[in-house]
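Okay, so here's the structure we're looking at.
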Amino acid sequence: MSAKSGDRLKDEGTTLQVTAAGATAGVISRFVIAPLDVVKIRLQLQTHSLSDPLSVRNLHGSPIYKGILPTILSIFRSEGITGLWKGNLPAELLYLCYFAVQFTTYRQTTLLLHSTLGENTLPPSAESFIAGAAAGGAGTLTTYPLDLLRTRFAAQGNDKIYTGLLPAIKQIHAEESYRGFFRGLAPALGQIIPFMGTFFAVYETLRPKLSKLELPFSTGGALAGTIASVTAKTGTFPLDLVRKRIQVQGPTRGRYVHKNIPEYTHGTLGTMREIVRREGLRGLYRGLTVSLVKAAPASAVTMWTYERALKFYGSLGQKEGGVKRI
Numbered sequence: 001m002s003a004k005s006g007d008r009l010k011d012e013g014t015t016l017q018v019t020a021a022g023a024t025a026g027v028i029s030r031f032v033i034a035p036l037d038v039v040k041i042r043l044q045l046q047t048h049s050l051s052d053p054l055s056v057r058n059l060h061g062s063p064i065y066k067g068i069l070p071t072i073l074s075i076f077r078s079e080g081i082t083g084l085w086k087g088n089l090p091a092e093l094l095y096l097c098y099f100a101v102q103f104t105t106y107r108q109t110t111l112l113l114h115s116t117l118g119e120n121t122l123p124p125s126a127e128s129f130i131a132g133a134a135a136g137g138a139g140t141l142t143t144y145p146l147d148l149l150r151t152r153f154a155a156q157g158n159d160k161i162y163t164g165l166l167p168a169i170k171q172i173h174a175e176e177s178y179r180g181f182f183r184g185l186a187p188a189l190g191q192i193i194p195f196m197g198t199f200f201a202v203y204e205t206l207r208p209k210l211s212k213l214e215l216p217f218s219t220g221g222a223l224a225g226t227i228a229s230v231t232a233k234t235g236t237f238p239l240d241l242v243r244k245r246i247q248v249q250g251p252t253r254g255r256y257v258h259k260n261i262p263e264y265t266h267g268t269l270g271t272m273r274e275i276v277r278r279e280g281l282r283g284l285y286r287g288l289t290v291s292l293v294k295a296a297p298a299s300a301v302t303m304w305t306y307e308r309a310l311k312f313y314g315s316l317g318q319k320e321g322g323v324k325r326i
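Pasting the structure below:
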């Protein structure tokens with residue numbers, strides 16, 4: 001699949017248009033799936049389930065969530081409607097910056113591969129994997145503190161650990177130094193690089209074939225994005241869970257809605273071993289169902305919005321270019 005074949009993500013639009021389209025897609029996608037994101041984080045941090053014997057639950061006042069809808073209702077009853085959008089401000093900033101960096105890096109990496117190796121040297125899937133991995137890594141590195149803040153806000157219940165974004169930044173810096181903002185960065189990078197590489201490889205492989213389909217409630221591009229996201233998410237989910245568990249470590253660990261979060265001090269692999277020892281293999285997949293449910297609308301909205309935003313910003317550029325200056 002060459003640049004001339006209409007590869008939108010790689011070659012259409014200026015750098016500014018691609019950045020603006022990616023940022024727009026990220027902001028809209030985040031707002032739509034915010035409640036599911038809160039549910040996913042709560043389930044990922046939960047170390048117990050209804051199937052555990054009462055003698056080993058060790059709740060310490062922590063709630064027990066089971067299922068997507070019951071969890072939404074539980075949060076709504078105990079924390080109100082705003083509880084489903086906890087962490088939305090840092091998350092919106094995260095998505096705004098992350099998707100802007102992601103799509104821009106993806107485009108620039110692809111153009112770099114074209115200029116150094118030639119447009120048709122690498123198979124399309126390999127080219128997309130490399131560009132996607134670079135895009136995911138760059139986006140994660142530049143926005144990680146916002147990701148940590150999003151997780152901590154979503155994890156707190158009625159006990160207000162952080163009263164706002166700026167107070168949270170000041171408190172984390174005072175209590176944990178700058179390193180506190182980067183807790184869990186290793187599993188984040190270990191997860192996002194294969195995730196984004198797989199996502200873009202699958203997406204770019206399926207989009208040309210599915211774009212011709214006429215679907216009642218979606219487009220072929222949105223369907224390709226959904227399949228790509230579900231595939232990538234399932235393969236890398238344990239690292240995402242480990243990232244969340246490590247992000248809430250530190251002096252506030254016992255004050256979140258789950259007050260029995262274990263202390264993990266042995267890095268990514270050590271945390272995975274500890275989770276398997278305490279909770280079994282299924283412990284690494286807590287929240288996977290809601291994650292996959294979230295992946296479908298999130299990816300569909302993201303790619304659908306991105307493609308249309310890119311066309312819109314491109315049309316603005318054409319209009320400006322066509323205006324006669326006096």
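The C-terminal position of the sequence shown is numbered 326 in the UniProt record's numbering, with every residue numbered one higher than the one before it.
The beta carbon of each residue, even a glycine, is placed where N, CA and C say it ideally should be.
Asked                                                                                                                        : Found
Where the alpha helix (DSSP H) containing R282 begins and where it ends                                                      : First-last for R282: undefined, no H or E at that position.
Close-in-space but distant-in-sequence residues of the same chain around K294 (CB under 7 Å, 5 per side omitted)             : I33, L36, D37 and K40
Host alpha helix (DSSP H) of T105 (start-end)                                                                                : N88 to L117
Extent of the continuous alpha helix (DSSP H) run through T47                                                                : No alpha helix (DSSP H) contains T47, which DSSP labels as neither H nor E.
Spatially closest choice to G149 from L281, T252 and G67, by CA coordinates                                                  : Reading off the sequence shown, one finds Leu at residue 149, where the question assumed Gly. Selected option, being the one with the closest Cα: T252.
Helix, strand or coil at E263 [DSSP, three-state]                                                                            : coil
Burial state of V56, where buried means 16 or more other Cβ atoms lie within 10 Å                                            : Its pLDDT being 49, under 50, V56 is placed unreliably in this model, and the value from its coordinates should be taken loosely. V56 comes out exposed.
Closest Cα partner of A224 within the set T140, Q44, E307 and V27                                                            : E307
Range of the contiguous alpha helix (DSSP H) that encloses F181                                                              : Counting along the chain, F181 falls outside any alpha helix (DSSP H), and DSSP gives it neither H nor E.
I193 classed as buried or exposed, judged by whether at least 16 other C-beta atoms fall within 10 angstroms                 : buried
Per-residue DSSP class, three states only, for V56                                                                           : Here V56 scores only 49 on pLDDT, less than 50, and its place in the model should not be relied on; the value that follows carries that caveat. V56 falls in the helix class under three-state DSSP.
Member of Y106, S128 and Q156 whose CA lies at the smallest distance from the CA of I75                                      : Q156
Given L210 as reference, the closest of A201, G267, G220 and V202 once Cα atoms are compared                                 : G220
Length of the line joining the Cα atoms of F99 and T142                                                                      : 11 Å
Cβ-based burial, K233 [other Cβ within 10 Å; buried from 16]                                                                 : buried
Cut-off 6 Å between Cβ atoms - residues of its own chain near D159, not counting five sequence neighbours on either side     : R255
R243 burial status per 10 Å Cβ neighbour count (16 or more: buried)                                                          : buried
Neighbourhood of residue 327 by C-beta distance below 7 Å, restricted to the same chain and skipping five residues each side : This structure cannot speak to residue 327, because the chain is shown only from 1 to 326.
The stretch 130 to 142 / the stretch 108 to 119 touching (three or more Cβ pairs under 8 Å)                                  : yes
Local Cβ density within 10 Å of residue 327, reported as buried at 16 or more and exposed below that                         : Given that the chain is displayed from residue 1 to residue 326, the structure contains no residue 327 and the question cannot be resolved.
Supposed contact pair T268 and P187 - C-beta distance, whole angstroms, cut 8 Å                                              : 5 Å
Beta-carbon proximity of H258 to R77, cut-off 9 Å                                                                            : no
Alpha carbon of M272 to alpha carbon of I81, nearest angstrom                                                                : 33 Å
Contact between the stretch 116 to 135 and the stretch 195 to 204 (3+ Cβ pairs under 8 Å)                                    : yes
Beta-carbon gap between Y95 and V27 smaller than 9 Å                                                                         : yes
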